[in-house]
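Beneath this line is the structure, given in C-alpha cells, with notes to follow.
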Amino acid sequence: MRSWGLVVRTIIIWSLLLVVGTLVFIYSGRYDIGADVHHTRLVAQLIGALRDHSIDTRITGIAVPDLNDPERIAAGAEHYDAMCTGCHLAPGMTNTELREGLYPRPPNLTRFSPEPRTAFWVIKHGIKMSGMPAWGLTLRFPHEVTRGPASDQERNRARRAGG
Ligand code: HEC
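This is the structure:
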C-alpha cells in the first residue's frame, strides 16, 4: 500500500512540475514565434500528425461531385487564378514573394493533387496558424477550386464548352 501511495505522489509532483515548467516557458517569451525560425523536426512531426488526424476524422461524410464538369473547371480556374496562385502557384510560375516568406510553405499545387475530400475540407475550413484561409466563409462553392489549377487544355475545353 505504501509503495502505491509513493507512486501516486510522484506522478502528481511530476505532473505539477510539467504544468509549471510549460507555463514558465510560455510566459518567459523564450519561444521564437517568427516564421523565419522553423520548428524542430519533432514539433513539425507532432503538428503534422495533429493536422492529418484532425482532417481525417472530419472528411468521412464528404461526397465528391464530378470534378471534370467543364462548368466547374471554368469557375474553379477563375477562382484559383484570383485567390490561390500567390501561395500555391500555377503552371509556369516558380515562386512568389508571398509564398517565399510563408511557414509552413504552401504546397505547389501544380505538382501535387491532394485527395479531393481533404482538399475540399481544407479549402472550406482553412488551417490554423498556417496562412491557409477558410474560404468557406467567403466562397459559396469551394468545390470548384478543389482540383487545383486547371491545365491549359482543360481551360480551352471549358472555354469551348462556353464555361
Ligand atoms: C496566404 C497563402 C494561401 C492562400 C492565398 C491559399 N492557401 Fe492553400 N494553403 C496554404 C498553406 C500555408 C497550406 C499548408 C498548410 C499546412 O499544411 O499546415 C495550404 C494548404 C492547402 C491545401 C491542402 C493541401 C494538402 O496538403 O492536402 C489545399 C488543397 C489548398 N491549400 C488549396 C487552396 C486553394 C484552392 C486556395 C485558393 C482558393 C488557397 N489554398 C489559397 C496557404 C494558402
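When we follow my numbering, the leftmost residue of the sequence shown carries the number -11, and every step to the right adds one.
Beta carbons are placed, not taken as given, at the ideal position from N, Cα and C, and that holds for glycine.
This one's a predicted model, so the numbers in the text were calculated from it and none came from an experiment.
- The criterion of a C-beta distance shorter than 8 Å is not satisfied by I61 and T106.
- DSSP places I50 in the coil class of the three-state scheme, outside both helix and strand.
- When the beta-carbon positions are compared, M120 and V110 come within less than 8 Å of each other.
- One alpha carbon belongs to W123, the other to P58, and they sit about 22 Å apart.
- Residue environment: Y19 is assigned as exposed (fewer than 16 neighbouring CB atoms within 10 Å of its CB, all protein chains considered).
- For E85, the closest of P92, C75 and P79 by C-alpha to C-alpha distance is C75.
- In its chain, beyond the 5 residues on either side, A23 have a beta carbon closer than 6 Å to the beta carbon of Y91.
- Here I115 has R39 as same chain residues with Cβ atoms under 7 Å from its own Cβ, once five neighbours each way along the sequence are excluded.
- In this structure, P104 lies near L55, with their beta-carbon atoms less than 8 Å apart.
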